Amino acid sequence: MIRSSLHGTPAIPGGWMLPTKYKMLLVSLLSWSTAWSQPPGRFIPPMDHAIDLSGNFMEPRGDHFHSGLDIRTGGREGLPVKAVADGWVSRIKISPWGYGKAVYIDHADGYTSVYAHLQVLQGPVAKVCLDAQYRQKDFSIDFVPEKGAVPVKQGQVIALSGNTGGSGGPHLHFELRRTADQHALDPEALGVEVPDKVKPEMIGVRLYPLNDSSAVGPYPAKAKGFATEGGDGKYKLKGDAVPLAYGTVGLALHTLDRYDGLAAKCGVRRIELFVDSVPTFSVLFDEIDFNTTRYCNAHMDYALFKGSKMEYHRCYKQPNDKLRIYGKEVAQGHISLAPGQVRRARFKVTDANGNVSELSFNLKGATAAEAAKWVSPEPVGSLFRYDTENILKEEGVTLTVPAMALYDDAYVRYERRPAPARAVAPLHVLHEPLTPLHVSATLRIEVPELPEAVQHKALVVRLNDGGGTKAEGGSFANGAITANVRSFGRYTVMVDTVAPVITNVDLKADMKGRSRFTLKVSDDLSGVDKWKGTTDGAWVLMEYEPKTKTLMHTFDKYTDVSGSKMFKLEVTDERGNTARYELKFTR
Ligand SMILES: [Zn+2]
132 MIRSSLHGTP AIPGGWMLPT KYKMLLVSLL SWSTAWSQPP GRFIPPMDHA IDLSGNFMEP
192 RGDHFHSGLD IRTGGREGLP VKAVADGWVS RIKISPWGYG KAVYIDHADG YTSVYAHLQV
252 LQGPVAKVCL DAQYRQKDFS IDFVPEKGAV PVKQGQVIAL SGNTGGSGGP HLHFELRRTA
312 DQHALDPEAL GVEVPDKVKP EMIGVRLYPL NDSSAVGPYP AKAKGFATEG GDGKYKLKGD
372 AVPLAYGTVG LALHTLDRYD GLAAKCGVRR IELFVDSVPT FSVLFDEIDF NTTRYCNAHM
432 DYALFKGSKM EYHRCYKQPN DKLRIYGKEV AQGHISLAPG QVRRARFKVT DANGNVSELS
492 FNLKGATAAE AAKWVSPEPV GSLFRYDTEN ILKEEGVTLT VPAMALYDDA YVRYERRPAP
552 ARAVAPLHVL HEPLTPLHVS ATLRIEVPEL PEAVQHKALV VRLNDGGGTK AEGGSFANGA
612 ITANVRSFGR YTVMVDTVAP VITNVDLKAD MKGRSRFTLK VSDDLSGVDK WKGTTDGAWV
672 LMEYEPKTKT LMHTFDKYTD VSGSKMFKLE VTDERGNTAR YELKFTR
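The structure is reproduced here in C-alpha cells:
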C-alpha cells in the first residue's frame with residue numbers, strides 16, 4: 132500500500148451538505164421569499180405509463196453519477212413524452228452521442244426539466260429544431276431559443292421516446308436541474324413518485340489500509356470483501372466474521388437499492404458509518420455538479436466497479452476526490468485500531484424513499500506479529516504521486532500524466548510487446564485500465580520509419596480486451612504521433628487510408644409516396660467524422676445513428692418537393708478519407 136498522503140489535503144472536507152430537514156426549510160423559505168408560485172412536487176410524470184425505472188438518481192455509472200431517472204418504455208420507441216410543467220424550451224441539443232436528441236424546458240420557479248435519447252421531436256419544438264439544423268447546415272446542434280419563444284404547457288407532447296445517443300436500449304432519460312447552476316437534482320425529491328417499500332441491499336464490506344504502516348487481513352475464501360447475510364433491513368457479516376486490520380483503515384460498502392416489483396439495481400440516497408456509535412463518515416447523494424461528477428471514479432472502488440460490477444462505495448476520501456457530497460465528521464472515515472482493540476462498526480443506508488437498512492459488525496486490531504504474516508505482493512513499476520506530474524519514458528514511448536490525474540498514488544507498470552496486426556508501432560502496455568485517470572494524459576509514440584505520405588493518416592489506437600480497437604486520433608510531428616488519452620491501457624499506432632463505405636438501403640429512383648430513405652455507412656478504423664447530403668446542391672438533413680451505422684433523411688418542408696433531383700452524399704472519416712455516393716430520384 133502506498134501512503135495516501137491524506138495529511139497533505141486540507142483539513143476542511145471538500146464539501147458539506149445541510150441535513151435534509153434544514154435544506155427543505157431553506158427551500159421553503161426561498162420559495163416564499165421569492166414568491167415562487169408552486170412548491171416542489173407539482174411536476175407531472177413525463178410519460179403516461181406507470182414509471183418503470185432502469186436507473187435512478189446518482190447511481191454510479193462509468194465516469195459519472197447518473198443525473199436523472201431512466202424510464203423504461205417496454206422495449207419500444209415512439210411513446211409520447213410530455214412536458215412535466217408549464218415553461219419554455221431553453222435548449223435543444225442534437226448529437227449522435229451522449230444525450231442523443233434532447234430537449235430542455237425551463238420552468239418559472241427555477242427548475243429545468245431535461246428529456247433525452249428522444250426518437251423525434253414534436254410540434255413547435257420540432258419546427259424550431261429543424262429550422263436551426265437547416266440554418267446551421269448540421270445534424271448536430273446545441274440551440275438555445277430566446278426565452279419564451281417556444282412556450283410549452285404542462286402535459287404537452289414535446290417528443291416521442293427513443294434510443295438516440297449513448298443509450299443502451301429504448302428509454303427516456305428524465306432529469307430535473309436547478310436552472311441557475313444547472314446542477315441535477317433528484318426528481319424523486321421533487322415529487323416524481325416511484326413506488327418503493329424495498330429496503331436497500333447491503334452486500335459486502337471491504338477494508339483499505341490508509342497509510343504506509345497500516346495493513347488489512349486477508350478476506351475469507353479469496354473473496355474481494357466480507358460478504359453479508361440477512362435481509363429486510365438487518366444485515367451482519369457472514370458467519371459473524373470479525374475483520375482484522377493493523378493501524379488506520381477505511382471501509383467501503385457494496386450497497387444498492389431496488390423499487391417495488393422492478394428488476395433494476397439502483398442507487399441509494401445516503402450512507403452513514405458509525406464507529407462505536409460515533410458518526411465517522413457520511414455521503415449524501417442529492418445533487419450533481421456536472422463539473423465534478425467524474426470524481427465518481429474516486430468515490431467508488433473503480434477497479435471492482437469496472438472489473439467486477441460491484442458497487443463498493445468508499446467511506447473515506449481518496450486524496451484527490453473533490454466531490455462535495457460528504458459530511459463533516461471529524462474522522463472522515465479513518466478508523467484506527469490498536470492491537471487487540473475491538474471496535475463496533477455500523478452502516479446505515481437510506482434510499483430515496485426513506486427505507487433504511489443497517490449492517491453492524493466488529494473490527495479487531497491485529498498485533499504487529501499477526502500483520503507480519505499477511506503477505507502482500509511487492510509493488511511493481513514506478514511510483515506516481517497523485518499531486519505531481521509524472522512522466523513514464525520508455526523506448527519509443529512517453530506518457531505524461533499531469534498532477535491530479537490520479538486519485539491516489541499508484542505504482543504504474545509498463546510492458547512492450549510486438550506490433551499487433553496492422554500496427555506500425557509496438558504494442559505499448561501502459562499500466563492497466565482499472566486504475567482511473569481523471570484528466571487526459573499525453574501519449575507520444577515514436578514511428579520514425581513511417582513514410583511521409585501517410586504520416587497524416589496515422590492515429591493512436593487503443594486495443595480493447597475483446598480485441599477491438601478504439602481510435603484515439605492524434606497529430607504527427609517529428610517522427611512521432613501525440614494524442615490525449617484518458618485511460619491507461621494497450622496502445623499502438625495504425626494508419627487509416629481507407630475511405631468509409633456507403634451502402635444504399637432504400638433510396639430508389641422513384642421516391643413518390645415514400646417518407647424517408649436510409650444509407651448504411653461504416654469505417655474500418657478511425658470512424659465516421661463528417662457527412663454531407665445534398666439534393667441538387669442544397670444541404671439536406673441526414674440523421675446519423677452510430678449504433679445502426681445509418682444515415683437517414685426524412686422528407687421535410689425543405690425537401691418534400693416533387694420533381695427529379697440529384698442526391699449526393701459525402702462521408703469523411705476522422706483521418707480525412709472521403710467516400711462519395713450519388714443517385715438521381717424522382718419525388
Ligand atoms: Zn439516463
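So the working numbering is basically just the index in the sequence shown, starting at one, shifted up by 131. Every residue, glycine too, gets a C-beta built ideally from N, C-alpha and C. Keep in mind the model is a prediction, meaning the values are calculated, not measured.
Near ligand 1: residue i beta-carbon under 6 Å from a heavy atom
i      : result
Asp432 : no
His195 : no
Asp183 : no
Val201 : According to the sequence displayed, residue 201 carries Asp and not Val. Flag set: Cβ of Asp201 near ligand 1.
His559 : no
His238 : no
His385 : no
His444 : no
His304 : yes
Spatial neighbours of residue i in its chain, beta-carbon cut-off 6 Å, leaving aside the 5 residues before and after
i      : result
Val399 : Pro331, Thr386, Asp388, Val480, Asp482
Gly199 : His304, Phe305, Glu306
Pro579 : Gly610
Ser244 : Val215, Ile236, Leu307
Thr424 : His195, Phe196
Lys588 : Val626, Asp627, Thr628, Arg706
Val373 : Asn493, Lys495
Thr717 : Asp641, Ser695
Trp163 : For Trp163, the pLDDT reaches just 32, beneath the cut-off of 50, and the residue's location in the model is therefore unreliable, leaving the point undetermined.
Asp432 : Ala383, Tyr443
Gly241 : Thr310
Ala614 : Leu574, Val591, Glu603, Gly604, Gly605
Residues of its chain near residue i, where Cβ-Cβ distance is below 7 Å and the 5 sequence neighbours each way are ignored
i      : result
Glu546 : Val560
Leu156 : In this predicted model, Leu156 has a pLDDT of only 40, less than 50, meaning its place in the structure is not dependable; the value taken from the coordinates is given anyway. Cβ within range, chain order: n/a, list empty.
Lys365 : Glu489
Tyr390 : Leu184, Val325, Pro326, Asp327, Val329, Cys397
Asp691 : none
Trp505 : Ala346, Gly348, Pro349
His314 : Arg308, Glu418, Ile419, Asp420
Gly193 : Lys437
Endpoints, alpha helix (DSSP H) assigned at residue i
i      : result
Arg266 : 254–267
Ser226 : Taken as a continuous stretch (DSSP letters only), Ser226 belongs to no alpha helix (DSSP H), as it is neither H nor E.
Start-to-end residues for the beta strand (DSSP E) that takes in residue i
i      : result
Lys292 : The sequence given here places Ser at residue 292; Lys does not occur at that position. From DSSP, the beta strand (DSSP E) with Ser292 extends over 288–292.
Ile175 : Careful: Ile175 lies outside any beta strand (DSSP E) and carries neither H nor E.
Glu332 : 332–340
Lys651 : 647–653
Asn486 : Looking at the DSSP string, Asn486 is not in any beta strand (DSSP E), and its letter there is neither H nor E.
Ala630 : First-last for Ala630: undefined, no H or E at that position.
Ala710 : 709–717
Arg706 : Premise fails: Arg706 is in no beta strand (DSSP E) and is neither H nor E.
Ser467 : 466–468
His302 : 302–309
Pro211 : 211–213
Phe270 : First-last for Phe270: undefined, no H or E at that position.
Ala280 : First-last for Ala280: undefined, no H or E at that position.
Proximity test, residue i beta-carbon vs ligand 3 heavy atom, cut-off 6 Å
i      : result
His684 : For the structure depicted, ligand 3 is absent and the ligand set comprises only ligand 1.
Cβ-based neighbour list, residue i, same chain, cut-off 8 Å, excluding 5 preceding and 5 following
i      : result
Glu520 : Thr531, Val532, Pro533, Ala534
Val487 : Lys330, Pro331, Gly364, Lys479, Val480, Thr481
Leu160 : Because the pLDDT of Leu160 is 36, which lies under 50, any placement of that residue in the model is unreliable, and the number read from its coordinates should be weighed accordingly. Excluding positions up to five away in sequence, the list is empty.
Leu468 : Ala376, Tyr377, Gly378, Thr379, Val380, Arg474, Leu494, Lys495, Gly496, Ala497
Residue-level contact to chain C via CB, residue i, 7 Å cutoff
i      : result
His587 : This model lacks chain C altogether; it includes just one protein chain.
Original post:
Touch check for the stretch 379–389 and the stretch 331–342: three-plus C-beta pairs under 8 Å?
Top reply: Enough Cβ pairs lie closer than 8 Å, so yes.
Subject >> contact_flag[the stretch 364–380, the stretch 485–505] where n(CB pairs < 8 Å) is 3 or more >> reply: Under the Cβ criterion (8 Å, minimum of three pairs), the stretch 364–380 counts as touching the stretch 485–505.
Original post:
Mind pulling the alpha helix (DSSP H) runs of 4 or more residues that sit fully within the stretch 496–567?
Top reply: Runs of alpha helix (DSSP H) with 4 or more residues, each lying fully within the stretch 496–567, are found at 499–503, listed in chain order.
Original post:
Does the pairing of the stretch 563–579 with the stretch 527–538 give three or more beta-carbon distances under 8 Å?
Top reply: Yes: the two stretches touch, three or more of their Cβ pairs being nearer than 8 Å.
Original post:
Hey, is the stretch 667–677 in contact with the stretch 706–718, meaning 3+ C-beta pairs nearer than 8 Å?
Top reply: A contact is defined here as three or more CB-CB pairs under 8 Å, and the stretch 667–677 fails this definition with respect to the stretch 706–718.
Original post:
Is the stretch 620–628 close to the stretch 636–652, with three or more CB pairs under 8 Å?
Top reply: With fewer than three CB-CB distances shorter than 8 Å, the stretch 620–628 does not count as touching the stretch 636–652.
**OP:** Count the C-beta pairs between the stretch 205–215 and the stretch 429–447 that are closer than 8 Å, then say yes if the count reaches three, no if not.
**Re:** No, the stretch 205–215 is not in contact with the stretch 429–447.
Subject >> Entirely enclosed beta strand (DSSP E) segments - the stretch 372–455, minimum 3 residues >> reply: List check, beta strand (DSSP E) in window: 375–387, 401–406, 409–415, 443–445.
Original post:
If you pair each beta-carbon of the stretch 223–234 with each one of the stretch 455–472, do three or more pairs fall below 8 Å?
Top reply: Taking a contact to require three or more Cβ pairs closer than 8 Å, the stretch 223–234 and the stretch 455–472 do not qualify as touching.
**OP:** Tell me the start and end of each unbroken beta strand (DSSP E) in the stretch 636–690 that is at least 3 residues and wholly inside, in chain order.
**Re:** Entirely contained in the stretch 636–690, the beta strand (DSSP E) runs reaching 3 residues are, in chain order, 647–653, 659–666, 669–671, 674–676, 681–685.
Subject >> the stretch 287–303 in contact with the stretch 248–260 per 3-pair CB rule at 8 Å >> reply: Counting Cβ pairs under 8 Å, three or more are found: they touch.
Subject >> the stretch 279–299 contacting the stretch 249–268, beta-carbon criterion three pairs below 8 Å >> reply: Contact holds: three or more Cβ-Cβ distances are below 8 Å.
Original post:
Counting only runs that start and end within the stretch 590–619, where is the beta strand (DSSP E) found for 3 or more residues in a row?
Top reply: Taking 3 residues as the minimum length, the beta strand (DSSP E) runs contained wholly in the stretch 590–619 are 600–604, 606–608, 611–618, in order along the chain.
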